[in-house]
Each structure stands twice: as C-alpha cells, then as structure tokens.
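So the structure is just underneath, and the comments pick up after that.
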Amino acid sequence: MTVIEAPRSRARSRTSFEMYSWIFMRMSGLLLVVLVLGHLLIMNVLDGGVQRVNWGFVAGRWASPFWRTWDLMQLWLAELHGTNGLRTVINDYAVRDSTRFWLKMLLYTSAFLVLVLGTLVIFTFDPSMK
Amino acid sequence: MAKAPAGTLYRGRQGMWSWVAHRVTGVLVFFFLFAHVLDTALVRVSPDTYDKVIATYKTPIVNLLEFGLIAAVLYHALNGLRIMAIDFWEKGPRYQRQLTYAVLTLWFLLMAGAAQPVLAHTFRQVFGS
Ligand code: HEM
Chain Z
1 MTVIEAPRSR
11 ARSRTSFEMY
21 SWIFMRMSGL
31 LLVVLVLGHL
41 LIMNVLDGGV
51 QRVNWGFVAG
61 RWASPFWRTW
71 DLMQLWLAEL
81 HGTNGLRTVI
91 NDYAVRDSTR
101 FWLKMLLYTS
111 AFLVLVLGTL
121 VIFTFDPSMK
Chain P
131 MAKAPAGTLY
141 RGRQGMWSWV
151 AHRVTGVLVF
161 FFLFAHVLDT
171 ALVRVSPDTY
181 DKVIATYKTP
191 IVNLLEFGLI
201 AAVLYHALNG
211 LRIMAIDFWE
221 KGPRYQRQLT
231 YAVLTLWFLL
241 MAGAAQPVLA
251 HTFRQVFGS
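Order-wise, the sequence lines are chains Z and P.
Position 32 of the first sequence, counting from 1, maps to 32 under this note's numbering, and the rest follow consecutively.
Position 122 of the second sequence, counting from 1, maps to 252 under this note's numbering, and the rest follow consecutively.
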C-alpha cells in the first residue's frame, strides 16, 4: 500500500556531485554572510549609502588590494552559489527534458559571462581614466 | 486513511513558508546580481557613464527597491544560517520553529535599524526639508 510515490529523480548518476553541491551551498553561504552583509553595510547603510557612490568612490576602494580581493571573492562565490541554487530551481519546475536543458544552458552561459566580465573589470580597472 | 499528497509538494507550516521565502529571495537576489555586475562594469567604459547610471539609483523609487533588496538578502542570509543550524547543530532540528521566530525577529529589528540610514535621503526629498 504505497501512499507516496517514489522520488522522481533518476538513479543515473553514481557520482557524489550532489553531495558536494549541498556542502558548497552551505560553505559558500557562510562566507557570503560576511562578504555580502559587509558589502551592504558599507555600501548602503553607513556614511550616506548609495548617495555617495560614484566613479571616484569606486576608484578609491579599488586602490586597495584588500577590497579588490573582497569583491572578487564575493563575485565568484555569489555567482556560483546563485547559479547552483537556480540549477535546483530549474530541476524542480522544468517538466520537459528539453526545457530543462535549454534553461540550464541559458543559466550557465549567463553565469560564464558574468564571471568573465566581473573578473576582467576588477583586474583591469584603470584609475587614470578620469 | 488520509488522502495521498500529490507529487512531492511540501506541506509544512512555518517550515514550508520559510522555504518558499528562501527560494524567492534567492532567485531575486541572483537576478539583481546579474544587473549589478553589468552596471559596475560601466566603470570600465567611462567615469561619466558610470556616474549617470548610478544617479538613477539615488532616486526615491529605486531607493525603495534598494530597501527591498536589502530585506531580501538579509532574510535569505539569516534563514540560510537557520538551515545550517538545523543541518549541523545537534539540537537544531528540535528548535527549528524557535529558530524561525528568531530569524524573523532579528530580520525585523535589523531592517528597522537600516530604515533610517537607507531611506532618510528619500524621506527628505519627498516630504520636503
Ligand atoms: C548572504 C549569505 C547567504 C547564505 C547564508 C545563503 C544560504 C543558502 C543555503 C544554505 C542554501 C541551500 C538551501 C538548501 O540546500 O536547501 C541557499 C540556496 C540558495 N541561495 Fe543562498 N545564501 C546566501 C546568499 C545568496 C546570494 C547572494 C544569492 C544570489 C546570488 C543566493 C541564491 C540562492 C539560491 C537561488 C538558492 C536556491 C534556493 C532553493 O533551492 O530553493 N544566496 N542559500
């Protein structure tokens, strides 16, 4: 007398990818608490918040390797954590295999572009532009 | 005998709604991150272009959206910590409901504290000096 259907996941993959993904969500989340909440506190709450943000403000912060490193780590961890989170969401709601496939391709392409663009901007920022 | 639940639908109470909110905030913040990397990339185009786009962030409506974004990130972060407490702390599962209320209380207090510094400028602009 089975009341609840067996889970729909296909017992195909024998690797522990999903376990590492589960651990990664938690470890990156822990680091993001410091990185993201610190970022919001500094950028949006203290000393006038966004009202004081402009190109010169960014240049001032990125003069320091500390903040560049902070922003680089924040970029990579948030983008990977968010992408992996969205992968789960797509797996949950996309019913047709082809829909799921194309949504994930779109997701991975956008994540790749965001990571490349963001990393390039942090590394090639030119303070002499002004 | 109770009716069989359809599919894998999650029918909890606080547990279900805190999960729904975690998912919704996570997806929202992810989309914002996409836009935010693009706007910040403008620092590489020219100081002028960057400043023009950032100026739109300083308007009352976007300032309100910004407050909403902070609310979403803060909820997701605090609830994420609750998830980790349930997963890794031996007493976590037993106190999961209390943890939910702790998350909501802390979220509310921190948002109340953030309201003045984040929204003061808009408040002055909209309601006069
Ligand atoms: C600030 C610190 C953060 C913490 C502590 C945190 C924590 C977590 C945890 C523990 C999960 C896994 C939930 C599970 O496996 O059931 C998760 C899921 C998720 N997170 Fe975060 N996160 C944080 C920041 C972010 C950011 C910045 C984004 C967006 C870029 C994001 C987007 C997501 C998404 C889309 C999911 C998937 C939701 C789901 O499957 O329902 N998170 N988060």
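By construction, the Cβ of each residue, glycine as well, lies at the ideal position given by its N, Cα and C atoms.
Notebook entry, point to check: Taking a cut of 8 Å between CB atoms, which residues from the segment 29–42 of chain Z lie near chain P?
Noted result: Gly-29, Leu-30, Leu-32, Val-33, Val-36, Leu-37 and Leu-40
Margin query: Just checking Trp-219(P) against the ligand HEM - is the residue's beta carbon closer than 7 Å to any of the ligand's heavy atoms?
Written below: As a first step, residue 219(P) is located in the second sequence; it is residue number 89 there, counting from the start. Answer for Trp-219(P): no, Cβ out of range of the ligand HEM.
Notebook entry, point to check: Can you tell me the Cα-Cα spacing of Trp-76(Z) and Gly-118(Z), whole angstroms?
Noted result: The sequence position of residue 76(Z) within the first sequence is 76, counting from 1. The sequence position of residue 118(Z) within the first sequence is 118, counting from 1. Spanning the two alpha carbons is a distance of roughly 9 Å.
Check: Could you give the uninterrupted runs of the beta strand (DSSP E) lying entirely in the segment 8–91 of chain Z, keeping only those of 3 residues or more?
Finding: none
Check: At least one CB of chain Z closer than 8 Å to the CB of Asp-217(P): is that the case?
Finding: The count along the second sequence starts at 1 and reaches residue 217(P) at position 87. By this cut-off, Asp-217(P) is an interface position.
Item checked: Span of the alpha helix (DSSP H), counted from its first residue to its last, around Gly-210(P) -> The sequence position of residue 210(P) within the second sequence is 80, counting from 1. Element bounds for Gly-210(P): 190–218.
Next item on the list: Taking only beta-carbon positions, decide if Gly-49(Z) is within less than 8 Å of chain P.
Entry: Reading the first sequence from its first residue, position 49 is the one you call residue 49(Z). So yes, Gly-49(Z) belongs to the interface.
Checklist line | contact_flag[the segment 105–123 of chain Z, the segment 153–168 of chain P] where n(CB pairs < 8 Å) is 3 or more | finding: yes
Check: How is Tyr-231(P) classed by DSSP in three states: helix, strand or coil?
Finding: Taking the first residue of the second sequence as 1, we reach residue 231(P) at position 101. Here Tyr-231(P) sits in helix by DSSP.
Next item on the list: Examine the ligand HEM and report whether any of its heavy atoms sits within less than 7 Å of the Cβ of Leu-67(Z).
Entry: As a first step, residue 67(Z) must be located in the first sequence, where it is residue number 67. The sequence shown places Trp at residue 67(Z), rather than the Leu named in the question. Not so, every heavy atom of the ligand HEM lies at least 7 Å from the Cβ.
Item checked: Short CB-CB distance (under 8 Å) between Glu-196(P) and chain Z -> To locate residue 196(P), count along the second sequence from 1; it is residue 66. For Glu-196(P), the answer is yes, since a Cβ of chain Z falls inside 8 Å of its Cβ.
Check: Would you say the beta carbon of Met-25(Z) comes nearer than 7 Å to a heavy atom of the ligand HEM?
Finding: Numbered from 1 along the first sequence, position 25 holds the residue referred to as residue 25(Z). Correct: Met-25(Z) has its Cβ closer than 7 Å to the ligand HEM.
Notebook entry, point to check: In whole angstroms, what is the alpha-carbon distance linking Leu-80(Z) and Met-27(Z)?
Noted result: For the purposes of this step, residue 80(Z) is taken as the residue at position 80 of the first sequence. For the purposes of this step, residue 27(Z) is taken as the residue at position 27 of the first sequence. Leu-80(Z) and Met-27(Z): Cα-Cα distance of roughly 12 Å.
Check: Hey, Asp-181(P) and Trp-55(Z): beta-carbon distance below 8 Å or not?
Finding: To locate residue 181(P), count along the second sequence from 1; it is residue 51. To locate residue 55(Z), count along the first sequence from 1; it is residue 55. Yes, Cβ-Cβ distance for Asp-181(P) and Trp-55(Z) is below 8 Å.
Next item on the list: Thinking Leu-40(Z) and Ile-200(P) are a contact (beta carbons under 8 Å), I'd like their distance in whole angstroms, please.
Entry: The residue you call residue 40(Z) lines up with position 40 of the first sequence. The residue you call residue 200(P) lines up with position 70 of the second sequence. Their Cβ separation, rounded to whole angstroms, is 6 Å, which keeps Leu-40(Z) and Ile-200(P) in contact under 8 Å.
Next item on the list: Work out the CA separation of Thr-179(P) and Lys-130(Z) for me, nearest whole Å.
Entry: Along the first sequence, one-based indexing puts residue 130(Z) at 130. Along the second sequence, one-based indexing puts residue 179(P) at 49. Near 12 Å, if we compare the C-alpha coordinates of Thr-179(P) and Lys-130(Z).
Checklist line | Where the alpha helix (DSSP H) containing Ala-151(P) begins and where it ends | finding: On the second sequence, position 21 is the one that residue 151(P) refers to. Segment 144–171, the alpha helix (DSSP H) holding Ala-151(P).
Next item on the list: Label Asp-92(Z) either buried or exposed according to how many other C-beta atoms from any shown protein chain fall within 10 Å of its C-beta, with 16 as the threshold for buried.
Entry: Your numbering for residue 92(Z) matches position 92 in the first sequence. It is exposed - the Cβ of Asp-92(Z) has fewer than 16 other Cβ atoms within 10 Å.
Notebook entry, point to check: With Leu-103(Z) and Ile-90(Z) assumed to form a contact (beta carbons below 8 Å), what rounded beta-carbon distance in angstroms separates them?
Noted result: Taking the first residue of the first sequence as 1, we reach residue 103(Z) at position 103. Taking the first residue of the first sequence as 1, we reach residue 90(Z) at position 90. Leu-103(Z) to Ile-90(Z), Cβ: 5 Å. Contact.
Next item on the list: Give the secondary structure of Gly-118(Z) by DSSP, where H, G and I count as helix, E and B as strand, and everything else as coil.
Entry: Start at 1 with the first residue of the first sequence, and residue 118(Z) comes out as number 118. In this structure, Gly-118(Z) counts as helix in the three-state DSSP scheme.
Item checked: Bounding residues of the alpha helix (DSSP H) (the contiguous stretch that carries Ala-185(P)) -> Looking up residue 185(P) in the second sequence gives position 55. From DSSP, the alpha helix (DSSP H) with Ala-185(P) extends over 177–187.
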